[in-house]
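In my numbering, the protein residues as written are 9 to 66.
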Amino acid sequence: MNKAEGRRQKAEGRRQKAEGRRQKAEGRRQKAEGGRRKGKLHIDSTTGNSVSTNSKQF
9 MNKAEGRRQK AEGRRQKAEG RRQKAEGRRQ KAEGGRRKGK LHIDSTTGNS
59 VSTNSKQF
């Protein structure tokens, strides 16, 4: 394997590592967003089933 090839592979590895980091961050962001959007789950006292507060069915 010549030097150029080695350099190319090293760059490729760095790129993949960065990509993995980006995906991990993206996943964290989505998880946080989902937690915000969902609204708190509470037990509806009249019916006794758990109802999410932001769905206005009552």
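Think of the CB as a built atom: it goes at the ideal place given N, C-alpha and C, for glycine as much as any other residue. A quick note: this is a predicted structure, and the numbers were derived from the prediction, not measured.
Nonlocal neighbours in the same chain, by C-beta distance under 6 angstroms from residue i, ignoring five residues either side
i, result
"Q31", "none"
"A40", "none"
Nonlocal neighbours in the same chain, by C-beta distance under 8 angstroms from residue i, ignoring five residues either side
i, result
"A26", "none"
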